[in-house]
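As structure tokens, the structure follows; a few thoughts come after it.
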């Protein structure tokens with residue numbers, strides 16, 4: 047193997063390693079059988095969610111994963127494999143891929159890495175059911191707001207009751 051090709055492969059391994067270390071979530075999937083239109087639709091959904099979607103060489107990804115400290119991902123790297131890298135929302139790649147796989151039976155989730163932990167397909171599908179971060183934050187804020195609203199309503203009701211009592215006493 048020429049030095050140039052070896053250097054290119056080493057550079058590619060370092061690039062993949064960087065993506066693996068930077069990502070909060072990486073989902074591995076089999077994309078065989080997708081039409082160009084289906085693949086374009088999937089890529090668009092990932093792009094809109096800020097997820098990077100790549101098809102990489104399994105052998106280079108295996109080396110990069112080992113260098114990044116992820117032993118055990120080789121079982122997911124059999125056959126054609128695509129990679130969805132989520133850098134901000136760890137649930138986004140799993141959610142998008144799971145929803146897409148329901149409508150397109152050709153797509154198969156293989157497994158993934160979430161916050162440094164390697165998971166099989168069952169855990170990835172379970173993760174996909176978690177709502178997006180924004181929805182979770184909105185629910186949390188709503189749960190904070192409800193008791194405050196109830197308290198304000200109660201204080202107002204007491205005030206009105208006291209005013210009515212004061213008017214009747216006059």
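Numbering (the numbering used here), first residue to last: 47 to 216. Glycine residues also receive a C-beta, built at the ideal position from the N, C-alpha and C atoms. In this text, all values refer to a predicted model and were calculated from it rather than measured experimentally.
query, result
"Cβ-based burial, residue 160 [other Cβ within 10 Å; buried from 16]", "buried"
"Segments of 3+ residues assigned as beta strand (DSSP E) that fall wholly inside the region 95–154", "97–101 and 128–132"
"Residue interval of the alpha helix (DSSP H) (run including residue 50)", "49–68"
"Span separating the alpha-carbon of residue 68 from that of residue 81", "30 Å"
"Euclidean distance between Cα positions of residue 124 and residue 56", "21 Å"
"Nearest-angstrom Cα separation, counted from residue 94 out to residue 203", "47 Å"
"Identity of the residue in 126, 170 and 210 nearest residue 76 by Cα", "126"
"One or two residues paired with residue 74 in a DSSP bridge", "129 and 157"
"Any C-beta of chain D under 8 Å from that of residue 145", "Protein chains in the displayed structure number just one, and chain D is not present."
"DSSP bridge partner residues for residue 165 (one or two, in chain order)", "158"
"Own chain, CB closer than 7 Å to residue 84, minus 5 neighbours either side, in chain order", "150"
"Sequence-distant residues of its chain with Cβ nearer than 6 Å to residue 59 (five each side left out)", "106, 109 and 110"
"For residue 132 and residue 71, believed in contact at Cβ under 8 Å, the rounded distance", "4 Å"
"Option in 163, 193 and 147 with minimal Cα separation from residue 87", "147"
"Residue of 117, 113 and 153 minimising C-alpha distance to residue 165", "117"
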